[in-house]
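Since the structure comes first, as structure tokens, the remarks are kept for the end.
There are 2 protein chains.
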Amino acid sequence: MTITHAEENYLKAIFTIAEKEAGPALTNAIAAQMQTSAASVTDMLKRLSDKQLITYEKYRGVQLTEEGGRLATALIRKHRLWEVFLVDKLGFAWDEVHELAEQLEHVQGNDLVSRLDSFLGYPKFDPHGDPIPDAEGRWTFRKQAPLATLKAGERGIVTGVDDHSTTFLQYLDQLGLILGAELELLERFPYDQSVRVRIRDGRELILSDKVTQNLFVKIS
Amino acid sequence: MTITHAEENYLKAIFTIAEKEAGPALTNAIAAQMQTSAASVTDMLKRLSDKQLITYEKYRGVQLTEEGGRLATALIRKHRLWEVFLVDKLGFAWDEVHELAEQLEHVQGNDLVSRLDSFLGYPKFDPHGDPIPDAEGRWTFRKQAPLATLKAGERGIVTGVDDHSTTFLQYLDQLGLILGAELELLERFPYDQSVRVRIRDGRELILSDKVTQNLFVKIS
DNA sequence: AAAAATATTTAGGTAAGTCTAAAAATAAGT
DNA sequence: ACTTATTTTTAGACTTACCTAAATATTTTT
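In order, the protein sequences belong to chains A and B. Heads up: the first sequence at position 137 corresponds to 142 in the working numbering, and the numbers run straight through without jumps. Heads up: the second sequence at position 172 corresponds to 177 in the working numbering, and the numbers run straight through without jumps.
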């Protein structure tokens with residue numbers, strides 16, 4: 006049975022939503038994620054259900070079957086490995102790689118993924134700090150929390166982002182808050198929950214509530 | 006104007022045929038190249054003509070417009086660069102990369118090709134010895150000829166193949182006739198035009214007429 | 001030059017994936 | 001509980017890219 010690119014994209018979207026919402030993915034949520042109409046989603050859900058990649062009950066949302074979950078995981082693995090390739094090997098910035106990886110993840114062939122994985126040195130995380138599942142679909146978890154949870158005086162290392170938007174990533178770049186950056190939370194302003202942090206070169210930054218909620222750090 | 010993957014593939018096929026046959030590509034030739042029906046080709050030719058990528062006169066074959074040729078060349082460039090990547094970086098054998106490159110060539114994005122080119126060290130030839138056009142579409146030509154044209158006593162270096170089939174490539178691998186291999190033609194047997202050659206490690210091989218016609222060498 | 005063979009196009013149909021508008025089901029508000 | 005609002009599905013239509021079968025052009029043969 007062949008699976009089309011569109012079907013793969015839906016599986017990934019369903020996986021992502023199920024992960025975030027912790028429940029069955031609803032039609033509208035999928036439509037939003039896929040930037041398409043609810044009608045198109047319903048259409049596709051029927052196809053995926055016929056192929057036994059999801060369990061689908063009308064008006065009740067969908068869940069991935071074991072096979073569907075396996076495919077979605079494999080796709081995420083491919084996407085993130087290609088992102089590592091684009092950043093580490095081709096020198097793209099972390100905010101430039103999503104679209105390209107979106108295409109590269111659909112390339113299929115025998116050994117491609119495992120060879121790429123090996124070539125890249127079996128990375129566990131992509132350029133945004135998101136975990137890369139291994140060939141068996143196992144995930145590496147990391148103890149990390151939004152910067153917002155740090156208390157004054159605590160130190161942390163930047164490990165990832167929740168918001169993957171270009172504007173956020175470029176802003177972080179500008180501030181020097183790249184993956185691995187060390188910081189110390191000096192002060193939190195109760196007025197708007199913004200914080201003052203010191204980074205490695207001694208510079209001090211003021212970060213808004215929005216930033217601290219979307220930036221993950223490992224407390225060190 | 007967007008160009009679909011199928012359209013790109015047709016442009017490439019037309020380019021390839023025009024190059025080989027040195028004339029307008031005919032419907033049946035395209036159908037054979039694309040492994041599809043003549044009716045489907047006619048269908049596509051209308052679309053490509055509407056998009057001004059080919060000039061098409063019913064029953065008279067097609068020719069690429071300047072824009073069509075530019076696109077075809079860019080596609081071939083991408084295909085061959087990806088083949089270099091797959092062989093040089095990921096360690097695939099030269100007979101394993103065609104299908105993968107066929108998919109990778111359709112990935113599009115800003116800087117991707119130029120960055121890949123740079124990463125690979127601006128290769129001029131792909132793993133089969135085929136030339137890779139540069140970013141402006143210029144080709145590097147190489148003085149090469151089928152092994153069949155060598156005279157007894159002459160020496161050559163393997164530079165490429167005409168037949169790209171898996172069986173031929175694997176056979177050459179087995180014989181040690183990889184790109185760059187040095188050989189000396191010792192003798193040609195008039196009966197069937199087969200030849201005896203000595204290769205670098207001193208081994209002698211008998212190569213059929215079919216092999217000598219499909220293997221390119223640079224006379225040295 | 002007419003007949004036969006070959007090449008190409010047209011006609012009509014299918015499947016995937018999308019759309020809008022309308023209908024139906026479910027959830028929410030009073 | 002009943003009306004309203006929201007969500008989801010159905011209906012009908014469109015595009016791309018393919019197919020087969022039939023019709024038409026062109027080329028080759030006699």
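Every residue, glycine too, gets a C-beta built ideally from N, C-alpha and C.
Assigned secondary structure, residue i (DSSP; H/G/I helix, E/B strand, else coil)
i, result
"Ile-204/B", "strand"
"Phe-20/B", "helix"
"Lys-223/A", "strand"
"Ser-213/B", "coil"
"Arg-143/A", "coil"
"Ala-150/B", "strand"
"Leu-190/A", "strand"
"Ala-30/B", "strand"
"Phe-90/A", "helix"
"Phe-97/A", "coil"
C-beta atoms of residue i and residue j nearer than 8 Å
i, j, result
"Leu-125/B", "Asp-93/B", "yes"
"Val-222/B", "Leu-212/B", "no"
"Pro-29/B", "Gln-57/B", "no"
"Lys-83/A", "Glu-107/A", "no"
"Ile-59/A", "Thr-41/A", "no"
"Ile-81/A", "Lys-129/A", "no"
"Glu-187/B", "Ile-204/B", "yes"
"Leu-117/B", "Val-102/B", "no"
"Leu-220/B", "Leu-182/B", "yes"
"Ala-43/B", "Ala-36/B", "yes"
"Leu-180/B", "Leu-210/B", "yes"
"Leu-105/A", "Gly-114/B", "yes"
"Arg-77/B", "Ile-19/B", "Strictly speaking, residue 77/B in this sequence is Ala, with Arg absent from that position. Yes, they are a contact pair."
"Ala-34/A", "Ile-22/A", "yes"
"Gln-218/A", "Pro-151/A", "yes"
Nearest-angstrom Cβ-Cβ length linking residue i and residue j, presumed shorter than 8 Å
i, j, result
"Arg-75/A", "Ile-137/A", "That pair is no contact at about 16 Å."
"Ser-119/B", "Ala-153/B", "With a Cβ gap of about 38 Å, Ser-119/B and Ala-153/B do not count as contacting."
"Val-163/A", "Leu-184/A", "6 Å"
"Tyr-15/A", "Met-39/A", "7 Å"
"Leu-174/B", "Trp-87/B", "That pair is no contact at about 17 Å."
"Arg-160/B", "Ser-225/B", "5 Å"
"Thr-47/B", "Thr-32/B", "6 Å"
"Gly-165/B", "Gly-142/B", "Contact doesn't hold; Cβ gap of about 20 Å is too wide."
Report the residue ranges of all beta strand (DSSP E) runs contained in full by the region 160-184 of chain A; include only those spanning at least 3 residues, in chain order.
Taking only runs of at least 3 residues, the beta strand (DSSP E) segments lying wholly in the region 160-184 of chain A are 160-166.
Assess, as a yes-or-no matter, whether the region 116-131 of chain A is touched by the region 95-110 of chain B under the definition of 3 or more beta carbon pairs within less than 8 Å.
By the Cβ rule, the region 95-110 of chain B counts as touching the region 116-131 of chain A, because three or more pairs are nearer than 8 Å.
Alpha helix (DSSP H) runs wholly inside the region 32-68 of chain A, at least 4 long, in chain order:
32-39 and 43-55
Runs of alpha helix (DSSP H) lying entirely within the region 102-146 of chain B, each at least 4 residues, in chain order
103-109 and 117-125
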